[in-house]
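What follows is a single structure, written as structure tokens, with notes after it.
Number of protein chains: 2
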Amino acid sequence: MRKILLLCLLTAGLRATAQPVASPLTARLDKVSLTFALAADGQPTYAVSYGQRPVIKPSRLGVALADGKGFDGPLELVGSETKNVDETWQPVWGEVKSIRNHYQQLTVHLRQPQAPGRLIDVVFRVFADGVGFRYEWPSQPSLQYFTVQQERTEFNLTGNHKAFWIPGDYDSNEYAYTTSKLSEINSAGITPIQLKSAPERVQTPLMLKSDDGLYVNIHEAALVNYPAMMLNVDTKTFGLTSQLVPSATEAAAYLQTPEHTPWRTIVVADNAPAVLASKLILNLNEPTTLTETSWIKPQKFVGVWWEMHVNKSSWNYSDATNLKLADTNWDALKPHGHHGANTANVKRYIDFAAKYGLQSVLVEGWNVGWEDWSGNWKEEVFDFVTPYPDFNVQELQQYAAAKGIKLLMHHETSGSVTNYERRQDAALRFMKEHGYDGVKTGYVGRIIPRGEHHDGQWMVNHFNRTAENMARQQIMVDMHEAVRPTGLHRTYPNWLASEAARGNEFNAWSEGNPPEHETILPFTRLMGGPMDYTPGIFQIKLEDWNPAKNQGKQVHTTLAKQLALYVTMYSPLQMAADLPEAYEKHLDAFQFIRDVPVDWDDTRILTAEPGDYITMVRKAKSKEEWYLGAITDENARAQTLKLDFLTPGLRYEATIYADGKGASWNKNPMSYQIRKQKVDSKSVLKLQLAAGGGAAVSIKPINR
Amino acid sequence: MRKILLLCLLTAGLRATAQPVASPLTARLDKVSLTFALAADGQPTYAVSYGQRPVIKPSRLGVALADGKGFDGPLELVGSETKNVDETWQPVWGEVKSIRNHYQQLTVHLRQPQAPGRLIDVVFRVFADGVGFRYEWPSQPSLQYFTVQQERTEFNLTGNHKAFWIPGDYDSNEYAYTTSKLSEINSAGITPIQLKSAPERVQTPLMLKSDDGLYVNIHEAALVNYPAMMLNVDTKTFGLTSQLVPSATEAAAYLQTPEHTPWRTIVVADNAPAVLASKLILNLNEPTTLTETSWIKPQKFVGVWWEMHVNKSSWNYSDATNLKLADTNWDALKPHGHHGANTANVKRYIDFAAKYGLQSVLVEGWNVGWEDWSGNWKEEVFDFVTPYPDFNVQELQQYAAAKGIKLLMHHETSGSVTNYERRQDAALRFMKEHGYDGVKTGYVGRIIPRGEHHDGQWMVNHFNRTAENMARQQIMVDMHEAVRPTGLHRTYPNWLASEAARGNEFNAWSEGNPPEHETILPFTRLMGGPMDYTPGIFQIKLEDWNPAKNQGKQVHTTLAKQLALYVTMYSPLQMAADLPEAYEKHLDAFQFIRDVPVDWDDTRILTAEPGDYITMVRKAKSKEEWYLGAITDENARAQTLKLDFLTPGLRYEATIYADGKGASWNKNPMSYQIRKQKVDSKSVLKLQLAAGGGAAVSIKPINR
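For the protein sequence lines, the chains are X and A, in the order given. Here the first sequence is numbered in UniProt numbering, starting from 1 and rising by one per residue. Here the second sequence is numbered in UniProt numbering, starting from 1 and rising by one per residue.
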């Protein structure tokens, strides 16, 4: 003990006797500049500018502790350092082959002026496309174990920007986006999915556009051992204040020094494509510690899944209700006869995947417990190892292996995370024993431990621990109903994707996703990482599957737009979400899904405007092939695109999957046309996007 | 769905059309009678009498649900049944070889008069020594998943009884007992161990004595999937009301039909020994489902444990603080040199156990994490598999095995139960791989999941699940800081003991346990099951171990009383808690600990009065040997005991371990004398117990 105390006193001493530091302090890279200052009252503040234009006006920094002796009052500046970093790194998979990490770092050492004189640092990293900063607490005698009550970080915006927002529900982000002025933010009229939020609280990533054309995105990076940050909006002053998701005790985070918060991120650009191209959030995450990553395989999959959403089959095996996991004789249940995850049906999907070159088959509803799985806040719902009587694990293992197809496991937790945690080791052993190397997890419903939230510290730790546990077992994971990503797929490249937003599935059983939805997601949810959006619905009108139950239901899209999403919504794990029979009616269009890669050497954002349209082109990993996706909102649009990204001198054949004559998302969504065209780097491509439509283009070299 | 609904309607129909049932309803066995009645307002009530004497005056029954449509208002009586049961069963281990289960059962079917017309049953079992009753909820369409907000069970006592009570702390029962009139119950002046309680709330088992000489004990049996019950005391009317320990959400229990509460138990007798002899609570528990129990071994053990309490060594290995489990290089820590669980020291205990015929050695502090293990509400404290550098698992495994000694594992959770649950499978595998077949668990500190309590439903389920999980692995368990037992060792005979009360250890570092403490425990804590009290301290004055740190500390007992506790405090798992060097100074007295069994054919309570004295004699399992223990409170007492329990015609040698001349717990605690005496069934034994003293007697047949 003596030695440690001495060391800490020495450290404090060094800081106290360092050269007095004048405030303000600044850091800058290209057009982005950051200013740190102590306000007249001693309150630390920061501000961000882009060129001459302010982005964040002087805004307070602070963290309140539960013991009342936190960092939400005046602080003394006891030192600072800067450093410059310019490096490149290669992700295991992703949108580009190589990523530049170039920033200037400013570290500010602060101390409480009165006893106990606790220390806190704020570390800023200024990139060409924005700023990241976080709070850090060094080891110190007066701060070892501590509880964060709330964070007091402000983002004071410069005006009444246009905002793309969803309500600040602590347990769900599966909302359609509202586009409004900051002054109009109010979620009182929006039906809560899980938890009613304060009406002026929104989630991140929050996409903003100023009247003078600045695009600003506020989120966080590397959410580890801390709750997610939401934002309280002052609709009069346009100030945002951090709102940490509380734990069951209302306090936000239980910490131990040395510790730091996630990075608070502000991406800023004068054009929308630059926001989509930003790698700021990934750069602020830690590199993976995995040295062997060959088992991590970006992939496309089909699944026994959409057929349940369209009421052709069901997750549950019987019509029984009120069952108890341990007390039920599952073999004796009377089947209702339309259970999706039966051996014969799964074989049909395996056959399809094998025939058309997809890698894997997801099967939901394979394991017992689906009869009354949701909505009861029940601890023991699933055991993750017991199949329904009509799902033959061994037979399917052999069948899939013989055809070179992997089965994807499904672990729905029903929000009962304590149950999942105590069974997770056994569940992963079961997977390895039966040939599974990937799993989709789900967290539908209220969390157990009761009182905890999906986006609170305890669950954040669960998600990260699960990714880590699975990495140890060489298992890939796709998390549904998880906290929204913050770039942790850099650290855990086996965490291929998450849902954590309103996916395509909502079209099957709600008012659906408006045509603009997919033009907003890349600017919001996808800023943090890949989404398992489940594109590729070909049978757009859902009544055809079950006229009685699906009346009026459709996907709010044209068929061609569904193809374009494989390019515009990056994920290393992409589902071909529709049923095999839907694809077999349109094998010409399905060819694009067969061709499109899930891992890329390069990505270019050709045009983009949140809420309106996005056009991207990507180069396949280690191949001279390009894939282009263009989508629009409810408005038809023409796009004229220069193909100057192609390698000069090479000739290519473009296959264009476009909206057909008279196509529109609501009136004629299935109309599409496919044409081929020779192109080179000097070509100009004209695309006509229908209302709610899109286009997908594959561009492959000729004579190779 | 249709079929199930129909079935339920039929059931309801049957009940509704059954013969109208007149209230009151009664049940009786010997002197104990039970009356159920609907009060004028429709409220269900019950009353209990013993002979002509009322024990429980008409008292309300009820359970409030979170949805407001519970069972705390008027109910209709729709039917009833009675049955008589008289059977005997054999426990796997225990105080007696065979147990009679004799009761009359009255089942009362009740229904809400208004919609939704939910059903609830109350089942009473009337024994010769008291009453047990519980609420049961049958399967029914209008009640499947439900949340108990609070239970409204009353126990209206007949007068201002003497009570032996501890405060209603939801997280600890490690209190000294207060003896007072009901009207004087007030814990405001008692320092809370974990959680401040309402001043007039007490825990069960609550021991009561009426002015007219009735002994009444209120507790519960078979606490499964439900929170522990505490009691709110009305100090004016002498009414007790159930208080269920809340969950993190404040609601008490999350249930699913069919379900039932634990049994509420009222043991009643006109003499104190009959309370100690009662098997009512055990009888109300379910038989074990284990068919193979030969691996369950009642045993005596020593341990690297008391030496830490008396400041001779420590649990932790170094003086470092503020460590993190995953980030610490434990091998690189600088040892402080007085770590108890080092290989050489453990070998010393193994040698001692082997030399003197004890079965096992507990080692605490063997695993990393003890540097700052407690008090920080920290999730990742221990991993249960990583030894400190000076504890050689393999070497000790071989050493112990060669000497025929078992090592007992230690799993301190520090209250971080989510951490323990997710690591428990790996921890048990580690045990099996290294030859451990028994474990002492610990739950010091606030519970994680944060907001849950030691005695709430979630933790109750954890304790039971742990016992079950360990039974599957053929592992015996001794739980410290667990919820107090309710007879579940009948169901889980591998759950050998719990702490769940103020053990001998308090003498080492607090004001200690008053001499009366062990005369109360059998009437309170032990009513539910065996306690790992850790008797057998020979070095009574603790200053001798460490004069600086143990100033004034002593065990509040004489040495002879420590021996008597092996008889008066039944457990199949008994520690010889002192250090080997303490025993080696008094091997003549230690002979009693070597001899005394931990499993019995028979038990007789010769004399007893809570708070004053207890004398018991027990017959060894399958052997014609008897062991007698007599203890007293702070008052010296003479006991004249007829040995008429001995087999007539047989001759025995009694070895009497008595308080020595001038002995007293505070002035001369180490004075003891050992004498031998020939006895038979006509003998009378005179024992002189010193203040705070006791006597232990082994009685073995001659010429066998």
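Backbone N, C-alpha and C fix where the C-beta goes; we use that ideal spot for every residue, glycine too.
8 Å CB neighbourhood of residue i in its chain, flanking five on each side removed
i	result
residue 732 of chain X	Residue numbering for chain X in the displayed model covers 1 to 704; residue 732 of chain X lies beyond these limits and cannot be assessed.
A:Q394	H434
X:L5	Residue placement at X:L5 cannot be trusted, given a pLDDT of 35 that sits under 50; what the coordinates show is reported in the next sentence. Only P141 meet the Cβ criterion.
A:H102	L29, V85, D86, E87, F127, A128
X:K347	L396, Y399
Residue-chain proximity (residue i, chain X), Cβ-Cβ < 8 Å
i	result
residue 710 of chain A	Here chain A has residues from 1 to 704 only, and residue 710 of chain A is not among them.
A:T289	no
A:R450	yes
A:G694	no
A:S139	yes
A:Y145	yes
A:T418	yes
A:N376	yes
A:P20	Model confidence at A:P20 stands at a pLDDT of 46, short of 50, so the residue's coordinates are unreliable; what they give is reported in the following sentence. Not closer than 8 Å to any Cβ of chain X, the Cβ of A:P20 fails to qualify, so no.
Residues near residue i in its chain [Cβ-Cβ closer than 7 Å; skip 5 each side]
i	result
X:K334	S318
A:P485	S498, A500, G528, G529
A:G660	S671, Y672, Q673
One or two residues paired with residue i in a DSSP bridge
i	result
A:D612	A:D612 pairs with nothing; no bridge assigned.
X:V617	X:R604, X:L628
X:H411	X:T441
X:N232	X:R201, X:T241
X:T147	X:Y254
X:L29	X:V32
X:D86	X:H102
A:P44	A:L38
Closer than 8 Å to chain A by CB, residue i
i	result
X:Y492	no
X:S247	yes
X:E421	yes
Other residues of its chain near residue i: CB distance less than 6 Å, five sequence neighbours each side excluded
i	result
X:L687	A630, Q639, A695
A:V697	L628, A654, I656
X:L496	M476, D478, P572, L573
A:T288	T491, P493
X:S172	I193, Q194
A:T261	R134, Y135, Y226
Neighbour flag for residue i against chain C, beta carbons, 8 Å
i	result
A:G629	Although the question refers to chain C, the structure presented lacks it and instead comprises the protein chains X and A.
Meets three-Cβ-pair contact criterion under 8 Å: the segment 459-473 of chain A and the segment 203-213 of chain A: no
Taking 8 Å as the threshold, find out whether the segment 407-427 of chain A comes into contact with the segment 435-454 of chain A through three or more Cβ pairs. yes
Does the segment 275-288 of chain A come close enough to the segment 148-166 of chain A to have 3 or more Cβ pairs within less than 8 Å? no
Which of the residues in the segment 314-338 of chain A, read from start to end, lie with their CB under 8 Å from any CB of chain X? Taking a C-beta cut-off of 8 Å against chain X, the contacting residues of the segment 314-338 of chain A are D319, A320, T321, N322, K324, listed in chain order.
Could you please tell me which residues of the segment 243-269 of chain X, in chain order, have their CB closer than 8 Å to any CB of chain A? S247, A248, T249, Y254, Q256, T257
Spell out a yes or no on whether the segment 166-180 of chain X and the segment 148-156 of chain X are touching, meaning 3 or more CB-CB pairs, one atom from each, closer than 8 Å. no
Quick check: the segment 407-415 of chain X against the segment 399-416 of chain A, are there 3 or more CB pairs under 8 Å? no
Hey, is the segment 46-65 of chain A in contact with the segment 23-36 of chain A, meaning 3+ C-beta pairs nearer than 8 Å? Flag = yes, the segment 46-65 of chain A and the segment 23-36 of chain A touch.
Check whether the segment 671-691 of chain X touches the segment 633-652 of chain X, taking contact to mean three or more Cβ pairs, one atom from each stretch, closer than 8 Å. yes
Per the contact definition of three or more C-beta pairs closer than 8 Å, is the segment 514-524 of chain X in contact with the segment 605-618 of chain X? yes
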